[in-house]
């Protein structure tokens, strides 16, 4: 195959990511379960990359978790999305960053629906106006939060203080990437690398010195399942699917998992704890789990931010083995402190999953 | 009762989701729900494709349509451009609209979804909120979450969040004006009516069980959530 033809094919797997001036939409899960992550993300974009990002206090949930759990009509979520676009317009922005893979899938689906069914977009314009008096135009550019980190990964590579390598040997760390189903499985052309070769996180691993782990269940769902997790008695669905992934990746002895989606980060972290409690099984070395970080947590760590200031103590799987491998200095005594060094109590210990 | 297929045909997700299924089963082979249960998206599409009102009614009244996890892995893989998950989304909507959701054990659990992530949207502006996620309801959260919740004033201040404040930032209080916008959007677009239907049909079923039914995490909610029906 001629090189130009190959390039043409790969163009279908690229994606337009605006250079600057973004409106930021928060995630329900990320801001609760990893409460330092979004602040860190904005700090990296603004202070490390010098980008303009607007954080709007009027913005709300896209309602995607309720929608995908089957309790909201399509019209309702489309109109909530339309309100977010109206807020972006009012703030004077044209580029929209979504901080959640579920939301990203929702926004793309709504835009695609309107493209193919203009009469539905017209109906939503009317619904939004009737409900709020607002009008809207769709964004010129809509991306997932990790897409921006990917776009500027080489610029960040120039700034990072630690590469993704063992401090002791210089060998690359073995890193699992988990993209999240709604990033590219619904509309493959909207994700970097599509559904077949998603590169949004793998690109970070490559640029920052690590080694990708390619394991059999790499593309399998984390097991969120929306209502299957929300309802307590249905959670076997969720943990069983995560376990399928852990069992599949374990023989490759990964040092780290990085996840694209707030929900996936949460499940891959917490289900390791649950599996350890239920089956006394752990997937990391010496009784630890495999640390699970978000892309901005990884960037922050490599940029030299204090691991406890960026919230790594809010993960159930201990981050310390990763810090040791990377040769990152940390103060164990500062881990469970509040503002201004206020000493707090220490969390209880899991029965089997080793923590620090 | 209206013709169910006429109603289903009004849903764009049904029209987009069902082209012509050749029953190859690729959707089932990649389905995480099929991995852990007897769910079979190929069978769902095959049943819907028959265009038999009786079969459709049975499907809407069954546990089957509630077993999908909406990961949409099936959309990527179908060689004929069908989307079993879109069909399921349309079936779930119709099941609630017709009240048939209350005829199945899994369908009745939609009350739990409505009273958690659903109600949270109108109360907090987000589907999830730290104050509502107790270890009792979510034991898998583990000791670190318990620690974070116990110390949330101090830890969330350390992380420079806006918890409890009306300003931009993580975990801020959503302003009343935004919550009113959401409420009016729900009223205008059928979200409020959908919630009401879930409550009304659930109340009828709760009366049959003799369980206390009012609001929030009442006796009937706990029975459904714990799977003890």
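Residue numbers (the numbering used here), protein chains in the order written: chain E, 4 to 359; chain B, 2 to 230.
Glycine included, every Cβ here is placed at the ideal spot set by N, Cα and C.
- Judged by DSSP secondary structure, residue 177 (chain E) falls within the beta strand (DSSP E) whose first and last residues are 177-181.
- Against chain B, a Cβ distance below 7 Å from residue 345 (chain E) picks out 155.
- Chain B places no beta carbon closer than 8 Å to that of residue 92 (chain E), leaving this residue out of the contacts.
- Closest option to residue 330 (chain E), judged by alpha-carbon separation, among E:218, E:178 and E:168: E:168.
- Distance from the CA atom of residue 125 (chain E) to the CA atom of residue 82 (chain E), rounded to whole angstroms, is 11 Å.
- Against residue 185 (chain E), the close residues of chain B are 72 and 73, in the order they occur along the chain (beta-carbon pairs closer than 8 Å).
- In summary, residue 81 (chain B) is exposed, with fewer than 16 beta-carbon neighbours lying within 10 Å of its beta-carbon over all protein chains present.
- With contacts defined by Cβ atoms closer than 8 Å, residue 69 (chain E) and residue 131 (chain E) do not form a contacting pair.
- Where residue 99 (chain E) is concerned, the enclosing beta strand (DSSP E) starts and stops at 98-101.
- Runs of alpha helix (DSSP H) with 4 or more residues, each lying fully within the stretch 42-124 of chain B, are found at 42-50, 54-61, 74-78, 85-99, 106-109 and 111-114, listed in chain order.
- Scanning chain B for C-beta atoms nearer than 8 Å to the C-beta of residue 263 (chain E) yields nothing, as the closest lies near 14 Å away.
- Per DSSP, residue 52 (chain E) lies in no beta strand (DSSP E) segment and is marked neither H nor E.
- Below the 7 Å Cβ cutoff, chain E contributes 77 as neighbours of residue 14 (chain B), in chain order.
- The C-beta of residue 107 (chain E) comes no closer than 8 Å to any C-beta of chain B.
- Distance from the Cα of residue 220 (chain E) is smallest, within the candidate group E:233, E:253 and E:202, for E:253.
- Taking a cut-off of 8 Å on C-beta distances, the stretch 54-62 of chain E touches the stretch 173-185 of chain B, as three or more cross pairs fall below it.
- For residue 296 (chain E), the three-state secondary structure derived from DSSP is strand.
- With the criterion set as a beta carbon lying under 8 Å from some beta carbon of chain E, the members of the stretch 194-206 of chain B are 195, 196 and 199, in sequence order.
- In the structure shown, residue 312 (chain E) adopts coil according to DSSP, grouped into three states.
- Within chain B, the residues placing a beta-carbon under 7 Å from that of residue 31 (chain E) are 127, 128 and 129, ordered along the chain.
- For a cut-off of 8 Å, the C-beta gap from residue 279 (chain E) to residue 353 (chain E) is around 6 Å, short enough to register as a contact.
- Following the DSSP letters along the chain, one finds residue 48 (chain E) in no alpha helix (DSSP H), marked with neither H nor E.
- Under the three-state reduction of DSSP, residue 24 (chain B) is assigned to coil, being neither helix nor strand.
- Residue 31 (chain E) sits buried, since 16 or more C-beta atoms from the chains shown fall within 10 Å of its C-beta.
- With at least 16 other beta carbons inside 10 angstroms of its own, residue 260 (chain E) counts as buried.
- The beta-carbon separation of residue 147 (chain E) and residue 101 (chain E), rounded to 6 Å, stays under the 8 Å limit for a contact.
- When DSSP states are grouped into helix, strand and coil, residue 144 (chain E) belongs to the strand group.
- CA-to-CA, the gap between residue 171 (chain B) and residue 162 (chain B) works out to about 5 Å.
- One alpha carbon belongs to residue 340 (chain E), the other to residue 282 (chain E), and they sit about 32 Å apart.
- Residue-level contact by beta carbon fails for residue 215 (chain E) and chain B, as no gap is shorter than 8 Å.
- With respect to chain E, the C-beta atom of residue 183 (chain B) has a partner C-beta closer than 8 Å.
- Look at residue 15 (chain B) here: in three-state DSSP terms it is helix.
- For a Cβ distance threshold of 7 Å, residue set 171 of chain B lies close to residue 41 (chain E), ordered along the chain.
- In this structure, residue 14 (chain B) lies near residue 90 (chain B), with their beta-carbon atoms less than 8 Å apart.
- Listed in chain order, the non-local C-beta contacts of residue 356 (chain E) below 6 Å within the same chain comprise 276, 279, 285 and 292, local neighbours out to five positions each way being set aside.
- For the stretch 234-246 of chain E, the residues whose beta carbon sits under 9 Å from a beta carbon of chain B are, in order, 234, 235, 236, 237, 238, 239, 240, 241, 242, 243 and 244.
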